[in-house]
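Enquirer: First the structure, which I've put down as structure tokens, then a few questions once you've had a look.
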Amino acid sequence: MKDRTAAIVLAAGKGSRMKSRVHKQYLLLEGKPILYYSLKAFEDSFVDEIVLVAGKDEAAYCREEIVEKYGFKKVSRIAEGGRERYHSVFCGLQALRDCEYVFIHDGARPFLTKEILDRAYAAVRRTPACVVGMPVKDTIRIADENAYAAETPRRDLVWIMQTPQVFSFDLVKRAYCAFLEQEEETLAKGIKITDDAMVVELFSDTGIRLVEGSYDNIKITTPEDLLIAQALAKGRKAE
Ligand code: CTP
Ligand code: MG
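247 is the number that the numbering used here gives to position 230 of the sequence shown; each next residue is one higher, with no gaps.
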């Protein structure tokens with residue numbers, strides 16, 4: 018079907034930096050699991066289908082306590098993730114067929130909005146690889162191995178990367194297949210793959226277009242992010 022659009026929502030991480038007993042994507046924010054919020058944003062959007070990627074043994078919890086409980090109709094599959102984020106993304110890509118565009122999103126980013134989704138969708142129809150991000154607010158300095166400042170990039174050209182990262186499905190699938198065929202060689206070069214844009218940059222000829230996200234679109238990574246998320250969630254409720 019032409020222009021069919023899918024989302025892959027990633028929830029197979031272990032949240033080691035959060036140091037909580039429950040994996041961070043299932044911690045409660047205003048009474049609902051963090052993962053609920055990004056699924057809700059996709060459920061209410063133009064996206065046709067959602068593949069949720071969860072950890073081994075977490076599928077039943079996700080199905081009963083999130084997908085069924087909140088009535089998410091667009092979740093077509095709960096796939097099992099892998100060791101690294103990129104393995105989980107690949108599991109999600111393998112669960113999809115016949116789609117034109119795919120939105121890849123961290124389930125640990127609960128503040129995804131309609132505005133961000135609309136901007137990213139408009140952008141990917143012009144350029145097949147788009148990443149949501151924001152210009153940094155602080156000065157960034159690149160350090161050398163001895164923690165001496167080595168370089169200061171121009172602040173107006175430095176962006177932090179967020180998700181969704183949005184691609185033509187065929188392009189991102191091809192890039193991921195090429196990367197995973199050469200996974201060992203790539204890692205041996207000291208390259209760390211931390212997002213999808215890196216895979217497309219390294220394993221295709223397509224440039225990555227940066228699209229404005231929002232400063233609220235934070236990833237819950239460490240305990241202080243939860244405090245910020247609670248404040249942001251309260252602010253939204255009051256709107
Ligand atoms: N993720 C995933 N599969 C993995 C690793 C990460 O699906 N093997 C997901 C996480 O659940 C999260 C998103 O990718 O929604 C971003 O990853 P990150 O913030 O690094 O989460 P974790 O890997 O869970 O946390 P940490 O790195 O602190 O262990
Ligand atoms: Mg991680």
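Cβ atoms here follow ideal geometry from the backbone N, Cα and C, with glycine treated the same way.
In this text, all values refer to a predicted model and were calculated from it rather than measured experimentally.
(1) Roughly how many angstroms separate the alpha carbons of residue 181 and residue 167, rounded to a whole number?
(2) Which residues does DSSP list as the beta-bridge partners of residue 196?
(3) Given this structure, state the Cα-to-Cα distance separating residue 163 from residue 236, to the nearest angstrom.
(4) Taking 7 angstroms as the cut-off, is the CB of residue 247 close to at least one heavy atom of ligand 1?
(5) Keeping to the same chain, check which residues put their C-beta closer than 8 angstroms to that of residue 156; ignore five residues upstream and five downstream.
(6) Return helix, strand or coil for residue 39, following the three-state DSSP convention.
(7) Give every residue of the same chain whose Cβ lies closer than 8 angstroms to the Cβ of residue 23, excluding the five residues on either side of it in the sequence, and list them in chain order.
(8) Should the segment 189-198 be regarded as contacting the segment 220-227, the criterion being three or more beta carbon pairs within less than 8 angstroms?
(9) Taking 8 angstroms as the threshold (C-beta atoms), are residue 40 and residue 31 in contact?
(10) Taking 7 angstroms as the cut-off, is the CB of residue 102 close to at least one heavy atom of ligand 2?
(11) Please classify residue 88 as buried or exposed, where buried requires at least 16 neighbouring CB atoms within 10 angstroms.
(12) Need the endpoints of the beta strand (DSSP E) that residue 94 sits in, please.
(13) Just checking residue 242 against ligand 1 - is the residue's beta carbon closer than 7 angstroms to any of the ligand's heavy atoms?
Expert: To lay it out plainly:
(1) Here residue 181 is taken as the residue at index 164 of the sequence shown, counted from 1. Here residue 167 is taken as the residue at index 150 of the sequence shown, counted from 1. Cα to Cα, the separation comes out at about 31 angstroms.
(2) For the purposes of this step, residue 196 is taken as residue 179 along the sequence shown, with counting starting at 1. Bridge partners of residue 196: none, in fact.
(3) Taking the first residue of the sequence shown as 1, we reach residue 163 at position 146. Taking the first residue of the sequence shown as 1, we reach residue 236 at position 219. Their Cα atoms are separated by approximately 29 angstroms.
(4) Taking the first residue of the sequence shown as position 1, residue 247 is located at position 230. Incorrect: residue 247 has no Cβ contact closer than 7 angstroms to ligand 1.
(5) Taking the sequence shown and counting its residues from 1, one reaches residue 156 at position 139. The answer, listed in chain order, is 169, 172.
(6) One-based indexing of the sequence shown puts residue 39 at position 22. The answer is coil: DSSP assigns residue 39 none of H, G, I, E or B.
(7) Taking the sequence shown and counting its residues from 1, the one referred to as residue 23 is at position 6. Closer than 8 angstroms at Cβ, skipping near neighbours: 64, 65, 66, 67, 68, 113, 116, 118, 119, 120, 186.
(8) yes
(9) Looking up residue 31 in the sequence shown gives position 14. Looking up residue 40 in the sequence shown gives position 23. In this structure, residue 40 lies closer than 8 angstroms to residue 31 by Cβ.
(10) The count along the sequence shown starts at 1 and reaches residue 102 at position 85. Result yes, Cβ under 7 angstroms from ligand 2.
(11) Position 71 of the sequence shown, counting from 1, holds the residue named residue 88. Burial call: exposed.
(12) Counting from 1 along the sequence shown, the entry for residue 94 is found at position 77. Taken as a continuous stretch (DSSP letters only), the beta strand (DSSP E) holding residue 94 covers 92-97.
(13) Counting from one through the sequence shown, the residue named residue 242 turns up at place 225. Checking the Cβ of residue 242 against ligand 1 gives no.
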